[in-house]
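Note that the protein sequences, when read in sequence, are chains Z and Y. Here my numbering runs 4 ahead of the position in the first sequence, where the first position is 1. Here my numbering runs 4 ahead of the position in the second sequence, where the first position is 1. Notes follow the structure.
2 protein chains.
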Amino acid sequence: MTSAQLTLYQHLAEDLAESIRTGVLRPGDRLPSVRELRRQRGFSPSTVFQAYAQLEAQGLVQARPRSGYFVRTQRTLQGLLSTPAWSSPEVTPVSISELVFELLGSTRDAEVIPLGSAFPAPQLFPFDELARSGARAMRRLQPAQISGALTTGDETLRAQIGRRYALHGVQLQANELIVTNGAMEALNLCLQAVTQPGDVVVVESPTFYAALQALERLHLKAVEVSTHPDEGVDLDALEALLKRQKVAACWFMTTFQNPLGALMSNARKEALVQLLARHGVPLIEDDVYAELHFGPRRPMPAKAFDREGLVLHCSSFSKCLAPGFRVGWAAAGRFGKTVDRLKTMSSLATALPAQLAIGEYLIQGGYDRHLRHLRDTLALQQRTARALIDRHFPKGTRMTQPRGGYFVWLELPAQIDTLKLHKLAMAQSISTAPGVLFSADQRFRNHLRLNVGHPIDGRVQAALKSLGALAKSPSVLRDN
Amino acid sequence: MTSAQLTLYQHLAEDLAESIRTGVLRPGDRLPSVRELRRQRGFSPSTVFQAYAQLEAQGLVQARPRSGYFVRTQRTLQGLLSTPAWSSPEVTPVSISELVFELLGSTRDAEVIPLGSAFPAPQLFPFDELARSGARAMRRLQPAQISGALTTGDETLRAQIGRRYALHGVQLQANELIVTNGAMEALNLCLQAVTQPGDVVVVESPTFYAALQALERLHLKAVEVSTHPDEGVDLDALEALLKRQKVAACWFMTTFQNPLGALMSNARKEALVQLLARHGVPLIEDDVYAELHFGPRRPMPAKAFDREGLVLHCSSFSKCLAPGFRVGWAAAGRFGKTVDRLKTMSSLATALPAQLAIGEYLIQGGYDRHLRHLRDTLALQQRTARALIDRHFPKGTRMTQPRGGYFVWLELPAQIDTLKLHKLAMAQSISTAPGVLFSADQRFRNHLRLNVGHPIDGRVQAALKSLGALAKSPSVLRDN
Numbered sequence: 005m006t007s008a009q010l011t012l013y014q015h016l017a018e019d020l021a022e023s024i025r026t027g028v029l030r031p032g033d034r035l036p037s038v039r040e041l042r043r044q045r046g047f048s049p050s051t052v053f054q055a056y057a058q059l060e061a062q063g064l065v066q067a068r069p070r071s072g073y074f075v076r077t078q079r080t081l082q083g084l085l086s087t088p089a090w091s092s093p094e095v096t097p098v099s100i101s102e103l104v105f106e107l108l109g110s111t112r113d114a115e116v117i118p119l120g121s122a123f124p125a126p127q128l129f130p131f132d133e134l135a136r137s138g139a140r141a142m143r144r145l146q147p148a149q150i151s152g153a154l155t156t157g158d159e160t161l162r163a164q165i166g167r168r169y170a171l172h173g174v175q176l177q178a179n180e181l182i183v184t185n186g187a188m189e190a191l192n193l194c195l196q197a198v199t200q201p202g203d204v205v206v207v208e209s210p211t212f213y214a215a216l217q218a219l220e221r222l223h224l225k226a227v228e229v230s231t232h233p234d235e236g237v238d239l240d241a242l243e244a245l246l247k248r249q250k251v252a253a254c255w256f257m258t259t260f261q262n263p264l265g266a267l268m269s270n271a272r273k274e275a276l277v278q279l280l281a282r283h284g285v286p287l288i289e290d291d292v293y294a295e296l297h298f299g300p301r302r303p304m305p306a307k308a309f310d311r312e313g314l315v316l317h318c319s320s321f322s323k324c325l326a327p328g329f330r331v332g333w334a335a336a337g338r339f340g341k342t343v344d345r346l347k348t349m350s351s352l353a354t355a356l357p358a359q360l361a362i363g364e365y366l367i368q369g370g371y372d373r374h375l376r377h378l379r380d381t382l383a384l385q386q387r388t389a390r391a392l393i394d395r396h397f398p399k400g401t402r403m404t405q406p407r408g409g410y411f412v413w414l415e416l417p418a419q420i421d422t423l424k425l426h427k428l429a430m431a432q433s434i435s436t437a438p439g440v441l442f443s444a445d446q447r448f449r450n451h452l453r454l455n456v457g458h459p460i461d462g463r464v465q466a467a468l469k470s471l472g473a474l475a476k477s478p479s480v481l482r483d484n
Numbered sequence: 005m006t007s008a009q010l011t012l013y014q015h016l017a018e019d020l021a022e023s024i025r026t027g028v029l030r031p032g033d034r035l036p037s038v039r040e041l042r043r044q045r046g047f048s049p050s051t052v053f054q055a056y057a058q059l060e061a062q063g064l065v066q067a068r069p070r071s072g073y074f075v076r077t078q079r080t081l082q083g084l085l086s087t088p089a090w091s092s093p094e095v096t097p098v099s100i101s102e103l104v105f106e107l108l109g110s111t112r113d114a115e116v117i118p119l120g121s122a123f124p125a126p127q128l129f130p131f132d133e134l135a136r137s138g139a140r141a142m143r144r145l146q147p148a149q150i151s152g153a154l155t156t157g158d159e160t161l162r163a164q165i166g167r168r169y170a171l172h173g174v175q176l177q178a179n180e181l182i183v184t185n186g187a188m189e190a191l192n193l194c195l196q197a198v199t200q201p202g203d204v205v206v207v208e209s210p211t212f213y214a215a216l217q218a219l220e221r222l223h224l225k226a227v228e229v230s231t232h233p234d235e236g237v238d239l240d241a242l243e244a245l246l247k248r249q250k251v252a253a254c255w256f257m258t259t260f261q262n263p264l265g266a267l268m269s270n271a272r273k274e275a276l277v278q279l280l281a282r283h284g285v286p287l288i289e290d291d292v293y294a295e296l297h298f299g300p301r302r303p304m305p306a307k308a309f310d311r312e313g314l315v316l317h318c319s320s321f322s323k324c325l326a327p328g329f330r331v332g333w334a335a336a337g338r339f340g341k342t343v344d345r346l347k348t349m350s351s352l353a354t355a356l357p358a359q360l361a362i363g364e365y366l367i368q369g370g371y372d373r374h375l376r377h378l379r380d381t382l383a384l385q386q387r388t389a390r391a392l393i394d395r396h397f398p399k400g401t402r403m404t405q406p407r408g409g410y411f412v413w414l415e416l417p418a419q420i421d422t423l424k425l426h427k428l429a430m431a432q433s434i435s436t437a438p439g440v441l442f443s444a445d446q447r448f449r450n451h452l453r454l455n456v457g458h459p460i461d462g463r464v465q466a467a468l469k470s471l472g473a474l475a476k477s478p479s480v481l482r483d484n
């Protein structure tokens, strides 16, 4: 199969998938026949069959013998958050849950099936090639590179990162990039750059627990804003909040939000940036999942629409290339100098060997090939996992169908307490991420984030079955 | 020359150097003759000559034709701080000087002669061997190591670090070590673990500017305690302060303090730990220079005397093996869990490639050989630089003679403003670290820290000469 064929059928598959998502093609609709697509758009039969096979593998369509392909009924989580979080606008001092650390601790244990983990399976990453690149770069290491790297980052790496943004149509200043110890450090530095202790920061609801932890660490207060599982943060709710409440910053994940997987459209991202610019509020954009898109193109970051330098964009290689290498970055707009200085003050610089290894890997090529394979794998795993959840979990369970990343967010029937479920599952060496992790209050007590970034092998299949069975048992019912 | 011979003459040289330092041998005293040493202690003539040559190279003794070797008169900075800092016990909110960043920025410029730098010359470090170790470790990298390292650090590296402490007689719990992004991150995490915004922290006077920066970043207040250039922090002053003032922590550098080079004796370290234990005050111990001792043994850290778990000991490989690799650690005693959690929250984990490279290097052996060579080189450079300062700087200049590290601290005549000197020197592409960097007030306006960790080649020799000439010019005199 040539690379051109690959692109062609994948483009067709994505066009059709997009039509399904946007409702142009609805559940039960028949897909165009091979003959129609050949006549109208010039596709060869083999291209069409390959595209349909991919859509079927993704669970979007099903073949009916002698009738053709039909759009499947999707179980999605549309409209989950019918009560917007901002209607109870508590400004909450954040307090860390022991649970987060228990969860993180459990992922260190190879015996535990990591459905609660925040990382994909390490075997999905090209460690052999990274090792070769790292070895090559290390052999070429010059003492002079050391003092150069005791700054905002290795020049080669920064140039490569900047080049990738430019290819995707995002223009960053070459010297705007500050290399950090993973996105986590970038986010923390950006947060500190725009806040003082006691300030209020807007987060999504549900939000990534690390954002809540960062707020606690810096003695900040959180306001959670309702976030749609498909479209992302509720802009009307946000606007109402900004009119009512002094806010130091927003911390949002605009693409494949953790835990929902929500993807804001370009139009909504642009509207968000404009809204915040009107109020002079900085946006800390956590964009670590963007490369894991199942669609044909990398979604644009909100940073692409930033004209005021108010977007502090953060990302890393930890989820898409090199977990454990701890190479992330910030492009902090008008706060760049402050972030650079905070970095100098808090950890001086980012380790050179990992920067050299990744810089060399990017120059050698192969990153895009790796990403294509990774995306296909994650899409397939999501489909398989969703089918198993569909089969094993209690009636009334709803779940998201993100267009990228490796999380599925479940809403279980209201009487189920997912913290109880988590504890019972841990006793069976299965970790999960219960909903209470993702909010400073008890709003998501019957919700669950599952990691589908690990191969759905027999062990994981059995774990999903066990989880479903546990979720049906009386021991997971709420006390009140 | 065999390794045993090397050890023998070095031991002899160190014994004699110690006698000179402690005053057993005084300026003008004649050293024992070859015959005496052979008779009394069994040394061969060649061992004695080698030892004397080393002492001469260190500037401690001088040969007089046909008379033997005599102890030289030393220009040291004893008694510099005659007015203890604590007598004006201002609790000062810390505010960052632009100067620190200007200084750090200048060290990135290869054209600037880095007398103001905080790092030794990169060519003093075994990058070839580190690169080979790194390449080997990278080729053996297993995906499973990734999740293991997303914790307190790579197990191999932690075991190697723990083993070195044990060899020096410091018993740490194996799991007490948390690997960090350099000592800077370790210190920042430890500081955050024991303070809340607004708290008061005791630092040395003068103190390392990064400590002042860390305090500012965490919205803390500083009290500076008088520090003797030879003996370290004034324990009487500290005790008086602790009785008068609520203090959240002390941040001290007990061995080869930056900028003074002071080395607290074991007895004084133990007394410090006991004093703080009586007051229940944690000690953050910055111990990054201990491996750079010119004497025969690594000075013990205060941590060695800690029975209450109140010492948060921090160190790194950045000054003695691998600058730019950003591998440091904390052994935080009873605060270990808190530091571990803060690390997880702020940067998740430390980059694996650098940990693997150093772990492999330590296993291969050669670290102690490298260190011996590094120490000899730094001692020689210090001697040469001090001789040049002696020759070129204005009458009345006094300077320290640290027993390790790579800084010399100068007290220039009182009417000289070293900030003016710094600016004039920068115009000639010579960086220095003026005294105002090392205190929150203007106490050290006529002081200067010089880095002698770079080979004293023609360029550096000319720079020291130029600096001395500048220091004699009227343009560096104080305005008032």
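Every residue, glycine too, gets a C-beta built ideally from N, C-alpha and C. This one's a predicted model, so the numbers in the text were calculated from it and none came from an experiment.
Asked                                                                                                                    : Found
C-alpha distance - Z/Leu128 paired with Y/Val440, whole-angstrom precision                                               : 52 Å
Neighbourhood of Y/Ser37 by C-beta, 8 Å cutoff - its chain only, sequence neighbours within 5 removed                    : Gly72
Whole-number beta carbon distance between Y/Ala361 and Y/Ala2, since they are thought to touch under 8 Å                 : Chain Y is shown from 5 up to 484; residue 2 of chain Y falls before or after that span and cannot be answered.
Through-space distance from Z/Cys324 to Y/Arg272, alpha-carbon basis                                                     : 52 Å
Cα-Cα separation, Z/Ala135 to Y/Gly363                                                                                   : 16 Å
Counterpart residues of Z/Val229 in DSSP-defined beta bridges                                                            : Z/Glu208
Limits of the unbroken alpha helix (DSSP H) element including Z/Ile367                                                   : 356-368
Coarse secondary structure for Z/Thr80, derived from DSSP in three states                                                : In this predicted model, Z/Thr80 has a pLDDT of only 48, less than 50, meaning its place in the structure is not dependable; the value taken from the coordinates is given anyway. Reduced to three states, the DSSP call for Z/Thr80 is coil.
Neighbour list for Z/Ile150 in chain Y, Cβ cutoff strictly below 7 Å                                                     : Pro126, Pro327, Gly328
Every unbroken beta strand (DSSP E) within the stretch 277-334 of chain Y, with a cutoff of 3 residues, ordered by chain : 287-290, 315-320
Under 7 Å between C-beta atoms of Y/Leu216 and Y/Val229                                                                  : no
Top-ranked residue by Cα proximity to Y/Gln386, from Y/Lys399, Y/Met403, Y/Leu375                                        : Y/Met403
is_contact[Z/Phe212, chain Y] using C-beta, thresh 7 Å                                                                   : no
Inter-residue spacing [alpha-carbon to alpha-carbon] between Z/Phe442 and Z/Phe256                                       : 13 Å
Minimum Cβ-Cβ distance from Y/Gln249 to chain Z less than 7 Å                                                            : no
Partners in chain Z for Y/Glu189, counting only beta-carbon separations shorter than 7 Å                                 : Ser350, Ser351
Below-7 Å beta-carbon distance, Y/Arg221 vs any chain Z residue                                                          : yes
Residue from Z/Phe298, Z/Gln278, Z/Asn262 with nearest C-alpha to Z/Asp290                                               : Z/Asn262
8 Å contact criterion, which Z/Leu296 and Z/Arg379 should meet: CB distance rounded                                      : 6 Å
Counted within 10 angstroms of its Cβ, other Cβ atoms place Y/Glu102 as buried (16 or more) or exposed                   : exposed
Which of helix, strand or coil DSSP assigns to Z/Ala336                                                                  : coil
Cβ distance (whole Å) where Y/Phe411 is taken to contact Y/Val480 below 8 Å                                              : With 8 Å as the limit, Y/Phe411 and Y/Val480 do not qualify as a contact, their Cβ atoms being about 21 Å apart.
CB of Y/Ala197 within 7 Å of CB of Y/Cys318, strictly                                                                    : no
Neighbour list for Z/Gly186 in chain Y, Cβ cutoff strictly below 9 Å                                                     : Ser351, Leu352, Ala353, Ala355
Distance, Z/Leu346 Cα to Z/Asn270 Cα                                                                                     : 31 Å
CA nearest to the CA of Z/Asn484, picked from Z/Ser435, Z/Ala418, Z/Gly462                                               : Z/Ala418
Exposed unless 16 or more other CB atoms sit within 10 angstroms - verdict on Y/Gly340                                   : buried
Y/Pro3, DSSP secondary structure in three states                                                                         : Nothing can be reported for residue 3 of chain Y: it is not among the residues displayed for chain Y, which extend from 5 to 484.
Below-7 Å beta-carbon distance, Z/Gly138 vs any chain Y residue                                                          : yes
Test item: CB-CB of Y/Gln432 and Y/Ser477 under 7 Å                                                                      : no
Coarse secondary structure for Y/Met268, derived from DSSP in three states                                               : coil
Interface residues of chain Y facing Z/Leu346 [CB-CB closer than 7 Å]                                                    : Arg221
Y/Ala67, enclosing beta strand (DSSP E) - first and last residue                                                         : 65-68
Helix, strand or coil at Y/Tyr56 according to DSSP, with G and I counted as helix                                        : helix
Under the three-state DSSP convention, the category Y/Tyr410 falls into                                                  : coil
Closer than 7 Å to chain Z by CB, Y/Arg482                                                                               : no
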